[in-house]
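Q:
There are 2 protein chains.
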Amino acid sequence: MEYKNLDKAEAYSALLKDEKKDIKTLLTAERVKKSEVKLGGGLKYNWAAMPVDGKIIKDYQKLADEMELVEKYKAILSGEVMNTGEKRLVLHHLTRGNVLGKEVWADGEEKGAFYKEQDEKIKAFSASVRNGSIKGSTGKKFQTVCQIGIGGSDLGPRALYLALKGWAKGANVKTLNAEFISNVDPDDASDVISRLNLETTLFILVSKSGTTQETLTNRDLVLDVLKKAPIPGFDASKHMVAVTSKTSPLAKDSSMLASFFIDDYIGGRYSSTSAVGGVVLSLAFGYSTFEKLLKGAHEEDVKALNPSVKKNGALMDAMNGFYMRNVLGYPSTAILPYSQALSRFPAHLQQLDMESNGKHVNRNGEPIDYVTGPVIFGEPGTNGQHSFYQLLHQGTDIIPLQFIGFKDNQRGMDIETAGSTSQKKLNANLSAQIVAFALGKNDENPNKEFGGNRPSSLIYGDKLTPQALGALLAHFENKVMFQGFLWNINSFDQEGVQLGKVLAKKVLNGCEGDEVLKAFADLLI
Amino acid sequence: MEYKNLDKAEAYSALLKDEKKDIKTLLTAERVKKSEVKLGGGLKYNWAAMPVDGKIIKDYQKLADEMELVEKYKAILSGEVMNTGEKRLVLHHLTRGNVLGKEVWADGEEKGAFYKEQDEKIKAFSASVRNGSIKGSTGKKFQTVCQIGIGGSDLGPRALYLALKGWAKGANVKTLNAEFISNVDPDDASDVISRLNLETTLFILVSKSGTTQETLTNRDLVLDVLKKAPIPGFDASKHMVAVTSKTSPLAKDSSMLASFFIDDYIGGRYSSTSAVGGVVLSLAFGYSTFEKLLKGAHEEDVKALNPSVKKNGALMDAMNGFYMRNVLGYPSTAILPYSQALSRFPAHLQQLDMESNGKHVNRNGEPIDYVTGPVIFGEPGTNGQHSFYQLLHQGTDIIPLQFIGFKDNQRGMDIETAGSTSQKKLNANLSAQIVAFALGKNDENPNKEFGGNRPSSLIYGDKLTPQALGALLAHFENKVMFQGFLWNINSFDQEGVQLGKVLAKKVLNGCEGDEVLKAFADLLI
Chain A
1391 MEYKNLDKAE
1401 AYSALLKDEK
1411 KDIKTLLTAE
1421 RVKKSEVKLG
1431 GGLKYNWAAM
1441 PVDGKIIKDY
1451 QKLADEMELV
1461 EKYKAILSGE
1471 VMNTGEKRLV
1481 LHHLTRGNVL
1491 GKEVWADGEE
1501 KGAFYKEQDE
1511 KIKAFSASVR
1521 NGSIKGSTGK
1531 KFQTVCQIGI
1541 GGSDLGPRAL
1551 YLALKGWAKG
1561 ANVKTLNAEF
1571 ISNVDPDDAS
1581 DVISRLNLET
1591 TLFILVSKSG
1601 TTQETLTNRD
1611 LVLDVLKKAP
1621 IPGFDASKHM
1631 VAVTSKTSPL
1641 AKDSSMLASF
1651 FIDDYIGGRY
1661 SSTSAVGGVV
1671 LSLAFGYSTF
1681 EKLLKGAHEE
1691 DVKALNPSVK
1701 KNGALMDAMN
1711 GFYMRNVLGY
1721 PSTAILPYSQ
1731 ALSRFPAHLQ
1741 QLDMESNGKH
1751 VNRNGEPIDY
1761 VTGPVIFGEP
1771 GTNGQHSFYQ
1781 LLHQGTDIIP
1791 LQFIGFKDNQ
1801 RGMDIETAGS
1811 TSQKKLNANL
1821 SAQIVAFALG
1831 KNDENPNKEF
1841 GGNRPSSLIY
1851 GDKLTPQALG
1861 ALLAHFENKV
1871 MFQGFLWNIN
1881 SFDQEGVQLG
1891 KVLAKKVLNG
1901 CEGDEVLKAF
1911 ADLLI
Chain B
1391 MEYKNLDKAE
1401 AYSALLKDEK
1411 KDIKTLLTAE
1421 RVKKSEVKLG
1431 GGLKYNWAAM
1441 PVDGKIIKDY
1451 QKLADEMELV
1461 EKYKAILSGE
1471 VMNTGEKRLV
1481 LHHLTRGNVL
1491 GKEVWADGEE
1501 KGAFYKEQDE
1511 KIKAFSASVR
1521 NGSIKGSTGK
1531 KFQTVCQIGI
1541 GGSDLGPRAL
1551 YLALKGWAKG
1561 ANVKTLNAEF
1571 ISNVDPDDAS
1581 DVISRLNLET
1591 TLFILVSKSG
1601 TTQETLTNRD
1611 LVLDVLKKAP
1621 IPGFDASKHM
1631 VAVTSKTSPL
1641 AKDSSMLASF
1651 FIDDYIGGRY
1661 SSTSAVGGVV
1671 LSLAFGYSTF
1681 EKLLKGAHEE
1691 DVKALNPSVK
1701 KNGALMDAMN
1711 GFYMRNVLGY
1721 PSTAILPYSQ
1731 ALSRFPAHLQ
1741 QLDMESNGKH
1751 VNRNGEPIDY
1761 VTGPVIFGEP
1771 GTNGQHSFYQ
1781 LLHQGTDIIP
1791 LQFIGFKDNQ
1801 RGMDIETAGS
1811 TSQKKLNANL
1821 SAQIVAFALG
1831 KNDENPNKEF
1841 GGNRPSSLIY
1851 GDKLTPQALG
1861 ALLAHFENKV
1871 MFQGFLWNIN
1881 SFDQEGVQLG
1891 KVLAKKVLNG
1901 CEGDEVLKAF
1911 ADLLI
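From first to last, the protein sequence lines stand for chains A and B.
Counting in our numbering, the first sequence runs from 1391 upward without gaps.
Counting in our numbering, the second sequence runs from 1391 upward without gaps.
This is the structure in C-alpha cells:
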C-alpha cells in the first residue's frame, strides 16, 4: 500500500481540471431520487444538491482507488499502526463488532474479546443499578448518573444521551437522568451539583490517562462535596465508578465502586462506542439500547468497506467534503440537524472533525501544500434558520451544508395547527431550505435576490432510533477517516493540544520567568 | 454624511498596503499592559495579541474617520432611518438609556418614553409574580417561567439567563427557573413540557410580528396541553403573557394575562434589552437585575461614541475584525469564553453577527466587491481546548479568536487541589492559550511544531455580573454595527431568511407543481 500526499495523485489533478458544475442546471426531481445511497441503521445519504456530475464522480472513484482509501480502512481494521504519531493501533470500529472477521492482538490480548468483556461488565453492572440490586450508600435506588469527563469523554456521550432521551420516552424505556460535568470552571460543577440528590446519584469518572487536569479537579471537587454531605451513613465510595485504561493511576484506585476499561487504541473523540459512552448510556437507557446503537454503527462500518463511491455513503460524503474544500476552496461546513434531539451532535462532530483533520503535516510529519480539515459548526433547524442562515443564503462566502432529518418525531407528542403537524412543518422547512440554497431566486431588488448554487447534502431516515444514531455516528467517523487518508494525515493524534497544557502548568508554577505569559496571567489571576 | 463602499475608501487602500506584522515580533509584556481600553461594566478589551502596530492603528483611525463610523452611530441614536431595506429606525440603544440625550419620535410617540413605559410595566408585573400577589390559576405561586420564541426571541434571552443564573446563586438573588421552547420540532416542546409543573409555570409568548410560524405552533401545542391538564380549576389564560408589537394580532388576544410591547425599530437579534429579554429576565431574577444589565449596556453605548479608535473598544474590535477579514483574508472567527455561564453566548453572537452582516449588497441594494461578515462559532473554554483547538493551533487555516475571561467565578464554590483552585486553573489555561496561539513553539518534530502568529483578543473583567454582561452584549452589538458601516451594508434587515419561508409554505400547500421541491419533500414527509 502506498501513502502519498494528495497533490501527488493524478486523479486529483483531473478533478481540479474538471468543469465546475452549477447545481441549478443539474438539479431535477429525477436526480433527487437517484442520487442517494443506503447507510446503516435505515438511513440514506442524498447528494442531489451537490455540484457534482457523473464525470466528477468518476474522478472521485479514481481518486479513491488511487489513494487506496478502502484499503487503508482495512489496514485500520486489521490492527496496523495507523496512528503513526503515537505509534498506536486504531480500534474504535472493533468496539461495535469485528468488521473483517480477523482477530486483532495487542498487548498480549485479543482486543475484540477485551472490548466484549468490558461490554459484559457494563451489561451486568447497569442491570444491577437499574433494577436496584446495587443501591446508593444510604439504601436508595440510583436515579441519576453524572459523568465527569471532558472532550471525547463528554461531547460524544452527552450528544448521544440527549439524542436518545426523547426516543426512550417515546418507546417507554425506563430512563435514569444523566448529567455531565466537564469544564474546569468551578461554576460548571457547582451548577450541576446543585441539581443533584447525592443519595441517588452515581458518578462516572472518565479519563483514559487518569491524569486529565479538568477531570481530576472536578473529581476532587465532587468528592469534597460528597464527603461533607450531612447525610448519616453516606459513603462516597459507593457513589463513583471509573472508566479508564488499565495502566492509569485511576485503575488502581480502590475507592471506586467499579471500574471499566478502555485502552490507548481508542481516541477520545472516537470513544463513544467504547466504555466511555457505554457506561453512561447503559445506565441511562439499559444495555440493550446501547447494544442497538453498536449494531447501527457496525452496519455502517460494514457498508464503508464498499470500494464503490456510489455505494459507500461515508466515502461519497468524504469525497464531496474534500471537493468542497480542496477544489472549490470553501473553508467551513455547517451541520444542520432538523431534530432537536441532535442539539449537541454538531458540537460532537466539531471535535471529531476538527481535532482529527485540523493538521498541517502528513502522517510522516512532513509539511503539506494543501488545506486539510474545515471549520465545523452548526445548530438544529429550524432554530438556525432564525439565526445564521441569513449569511448562508446571502453572505459573500459559500458554506457547504450537511442536513439531517427524520420523518417522525421521537416523543409522539404533536399537534395539527394551521393545517399541518409540527413535524410536517419541520420537514417542510428542511426540504424548502435545500431547494432555496440550491436554486436561489431572481428578484428585481438585489437585496431580495438569492444566488443559489449553495451546496448541501442530506442524511435522512424514518426516526432517530439507537440504530440510526449509531449509524449516523459511524458515518461521520468514517467520513473523517477517509478524508484523513485523502490528505495523507494522521487523523488519530492531537499534538496541537499539548503546548497549551505545558504553558498552563507554567502559569500555575508562577510563569517561570516568562514575562509575556506573566503579563497575560496578571490580567486574570 | 457620506455612504460609500469600503473599496472606495482611501484609508482602506493604505491598510491593504501596510506591512503585515508578525505577532511574535510585536508581543512583549509591555505591549500586553498597554494595548487595552476600558469597556462598560468594568470590562477591558485587550488587543496585544493582534498582528497590528502603531501604523496600522493610525490607518484604522483614518478609515474610521473617513467612513464616519461614529457619525453613523450618532445617526442611529438620532432616529434616522438606518435600516434602509425595511425603511425603519434602529432603536435598541434607546432601550437602555438615551445616549445622545436627544428625543426620538416615531409613530406619534417619543420612543424613549415608550420603552420606559414597558420597563415600568415589567417592573410592576415581575414584582407581583415574584412576591406571589399574582398567582397561577389554582392559587399556587409561580416557580418557573417558560419563554416560547425563536431566533432573537430565544438565543439572546436564553444566553443571558444562563449567564446570570450562577451570579444570582452566588449573590443570593431569588431565582425563578426559566425554560425555553423554540424549535418547531415537536420534540423540543414535548421535552420542556415534561419538566414543567403546569400549576406553577408562567409562559411568555414572544413574537414581534405575532405571525412567527414556529412560535404560534408551539403556543398552540402548549395551550393544547394546558387545556387538557387534568387539574381542577386550572385556567390557561392565567398562565400566559405576550411580548409583541402593538400592531400584531397577538396584541389583541384577550386570553393573555398581560402584554408587553416592542416595536419595529428593535430587530430580533438586538432585542435582548427590550421587553423580549426584559420580561423573562425580570421574572427570573427581579427587575433590579435586569436594570443593572441595562446600565452596563448603556455605559458601553456611551463609550462607543468616542471617535478615537484606541479609546473605543467596540470600534477597535470592529477594526481588528475587519482587518482579519478584508486585509488578511480569514473567513471565520471563534468566540471562546472561559466561563461556563457563557455557554450559549457564542450561539447568540453567531446570530447577531452572521444575520446582521452576512450580506451581499450594500445599504442601497447594490452589489459589492468585497467580503462581509465572517462565520462565527465557539464553545466555552476549557471545553473547546479538548475539542476543536487542535485545528486552531495546527490546522492549515488561521482562525482569529475572541477570548473572554473573568478573575472570579460566579457561584463561590471552588476547591484547591494540586496547589491551585479550579478558577486559577481555568485562567492559567486561558492565558496559556493566548500565548500559545501567538508565539507557537519550535520543535524538531514538525508534528509538535506550532507556527504561532494566530491572532486573538481578550475581553476580561473581575466577575460576570449583570453590569458586565450588559456591557459585553452591547460591545458586540456595537462592534457588529461599526463593521456594517465599514462594509456599507444594512446590518438591520434579514431578507435572506424570506425565501425559505416562502418555499416551506409551498411544501405545506402540496408543492404547487414544483417537482424538485416535491422530490425532496417526498423523502421526508
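C-beta: ideal position from N, C-alpha, C; glycine also.
None of these values were measured; they are calculated from a predicted model.
#1: For Ser-1662(B), which residues in chain A fall below 9 Å Cβ to Cβ?
#2: Please find out if some non-hydrogen atom of the ligand SAM comes closer than 7 Å to the beta-carbon of Glu-1409(A).
#3: How is Glu-1500(A) classed by DSSP in three states: helix, strand or coil?
#4: Measure the CB-CB distance between Ala-1579(A) and Gln-1537(A) and report whether it falls below 8 Å.
#5: CB Phe-1882(B) to CB Gly-1657(B), shorter than 8 Å?
#6: Measuring CB atoms only, is the segment 1834-1854 of chain A touching the segment 1606-1619 of chain B, in the sense that at least three cross pairs come out at less than 8 Å?
#7: Tell me the DSSP bridge mates of Ile-1594(B)?
#8: Residues of chain B with CB under 8 Å from Tyr-1728(A), in chain order?
#9: Relative to chain A, which residues along the segment 1849-1869 of chain B have a C-beta separation below 8 Å, given in chain order?
#10: Grab me the residues of Ala-1367(A)'s own chain with a C-beta within less than 8 Å of its C-beta, minus the 5 sequence neighbours each way, in chain order.
#11: Could you check the C-alpha separation between Met-1871(B) and Lys-1410(B) for me, to the nearest Å?
#12: Please work out which residues of its chain come closer than 6 Å, Cβ to Cβ, to Ala-1549(A), disregarding the five sequence neighbours upstream and downstream, and give them in chain order.
#13: I believe Thr-1474(B) touches Arg-1659(B) by the beta-carbon criterion, under 8 Å. Please report the beta-carbon distance rounded to the nearest angstrom.
#14: Between Leu-1640(B) and chain A, is there a C-beta pair that is closer than 8 Å?
#15: At least one CB of chain B closer than 8 Å to the CB of Ala-1694(A): is that the case?
#16: Can you name the residues that DSSP bridges to Glu-1569(A)?
#17: Would you tell me roughly how many angstroms separate the C-alpha atoms of Leu-1863(B) and Lys-1693(A), rounded to the nearest one?
#18: Drop a sphere of 10 angstroms on the beta-carbon of Arg-1585(B), count the other beta-carbons inside from all chains shown, and report buried for 16 or more, exposed for fewer.
#19: Please list, in chain order, all residues of the same chain as Met-1542(A) whose beta carbon is under 8 Å from its beta carbon, the five residues on each side excluded.
#20: Is it buried or exposed for Trp-1495(B), if we count other Cβ within 10 angstroms and need 16 for buried?
#21: Residues of chain B with CB under 7 Å from Tyr-1393(A), in chain order?
#22: Helix, strand or coil: how does DSSP classify Phe-1882(B) here?
#23: Beta-carbon separation of Gly-1676(B) and Arg-1486(B) under 8 Å?
#24: Compile a chain-ordered list of the residues in the segment 1460-1482 of chain A whose CB is closer than 7 Å to at least one CB of chain B.
#25: Where does Phe-1778(A) sit, in a helix, a strand or coil, going by DSSP?
#26: May I ask you to list the residues that DSSP assigns as paired with Gly-1851(B)?
#27: Within the same chain, show all residues whose beta-carbon is closer than 8 Å to that of Tyr-1808(B), passing over the 5 residues directly before and after it, in chain order.
#28: If you measure beta-carbon to beta-carbon, which residues of the segment 1765-1788 of chain A are closer than 7 Å to chain B?
#29: I'd like to confirm the pairing. Which residues does DSSP put opposite Tyr-1728(A) in its beta bridges?
#30: List the residues of chain A that Thr-1591(B) touches, going by C-beta distances under 9 Å, in chain order.
#31: For Ile-1824(B), decide whether its Cβ has a neighbour in chain A, counting only Cβ atoms nearer than 8 Å.
#32: Taking 7 Å as the limit between beta carbons, can you name the residues of its chain near Lys-1492(B), skipping five residues before and five after?
#33: DSSP three-state label for Glu-1689(B), please.
#34: Residues in the segment 1412-1424 of chain A with C-beta within 7 Å of chain B's C-beta atoms, listed in sequence order?
#35: Are Ser-1518(A) and Ile-1524(A) close, meaning C-beta to C-beta below 8 Å?
#36: Give me the residue from Val-1765(A), Met-1646(A), Thr-1786(A) and Gly-1748(A) with the minimum Cα distance to Gln-1884(A).
A: A quick look at the data gives this:
#1: Residues of chain A with a Cβ closer than 9 Å to the Cβ of Ser-1662(B) do not exist; the shortest Cβ-Cβ separation is about 14 Å.
#2: This structure simply doesn't include the ligand SAM, nor any ligand for that matter.
#3: Residue state, collapsed to three classes: strand.
#4: Taking 8 Å as the Cβ cut-off, Ala-1579(A) and Gln-1537(A) do not qualify as a contacting pair.
#5: For the 8 Å CB-CB criterion, Phe-1882(B) and Gly-1657(B) form a contact.
#6: Verdict: no, contact absent.
#7: Under DSSP, Ile-1594(B) forms a beta bridge with Gln-1537(B) and Val-1631(B).
#8: The contacting residues are Asp-1575.
#9: Answer set for the segment 1849-1869 of chain B: Tyr-1850.
#10: The structure shown does not extend to residue 1367(A), since chain A is modelled only from 1391 to 1915, so the question has no answer here.
#11: Cα-Cα distance, rounded: 26 Å.
#12: Sequence-distant partners of Ala-1549(A) (beyond 5 residues in either direction) whose C-beta falls short of 6 Å from its own C-beta, in its chain, are Arg-1734, Phe-1735 and His-1738.
#13: Between Thr-1474(B) and Arg-1659(B) a beta carbon distance of about 17 Å is seen, past the 8 Å cut, so the two are scored as non-contacting.
#14: Cβ-Cβ to chain A under 8 Å: no for Leu-1640(B).
#15: For Ala-1694(A), the answer is no, since every Cβ of chain B falls outside 8 Å of its Cβ.
#16: Paired residues: Cys-1536(A).
#17: A direct Cα-Cα distance of roughly 48 Å separates Leu-1863(B) from Lys-1693(A).
#18: Exposed: under 16 other Cβ atoms inside 10 Å.
#19: In the sequence under discussion, the amino acid at residue 1542(A) is Gly, which differs from the Met named in the question. Same-chain partners within the cutoff: Gly-1657, Gly-1658, Arg-1659, Tyr-1660, Ser-1661, Ser-1662, Val-1666 and Gln-1741.
#20: With fewer than 16 Cβ atoms within 10 Å of its Cβ, Trp-1495(B) is classed as exposed.
#21: Simply none; closest approach about 15 Å.
#22: Coil.
#23: No, Cβ-Cβ distance for Gly-1676(B) and Arg-1486(B) is not below 8 Å.
#24: Under the 7 Å Cβ criterion, the segment 1460-1482 of chain A contributes Gly-1475.
#25: Looking at Phe-1778(A) - three-state DSSP - the assignment turns out to be coil, as it is neither helix nor strand.
#26: When beta bridges are read from the DSSP output, Gly-1851(B) appears opposite Phe-1796(B).
#27: Sequence check: residue 1808(B) is Ala here, not Tyr. Its chain contains no residue whose beta carbon lies nearer than 8 Å to that of Ala-1808(B) once the 5 sequence neighbours on both sides are disregarded.
#28: From the segment 1765-1788 of chain A, only Val-1765, Phe-1767, Glu-1769, Pro-1770, Thr-1772, Asn-1773, Gln-1775, His-1776, Ser-1777, Phe-1778, Tyr-1779, Gln-1780, Leu-1781, His-1783, Gln-1784, Gly-1785, Thr-1786 and Asp-1787 have a Cβ closer than 7 Å to chain B.
#29: In DSSP, Tyr-1728(A) forms a bridge with Gly-1795(A).
#30: Residues of chain A passing the Cβ test: none, with the nearest at roughly 17 Å.
#31: Put simply, the CB of Ile-1824(B) is near chain A, with a gap under 8 Å to one of its CB atoms.
#32: Excluding the 5 residues flanking it on each side, Lys-1492(B) has same chain C-beta neighbours closer than 7 Å at Ser-1468, in chain order.
#33: Glu-1689(B) falls in the helix class under three-state DSSP.
#34: Correct list: Leu-1417, Thr-1418, Ala-1419, Val-1422 and Lys-1423.
#35: Yes, Cβ-Cβ distance for Ser-1518(A) and Ile-1524(A) is below 8 Å.
#36: Ranking Val-1765(A), Met-1646(A), Thr-1786(A) and Gly-1748(A) by Cα distance to Gln-1884(A) puts Gly-1748(A) first.
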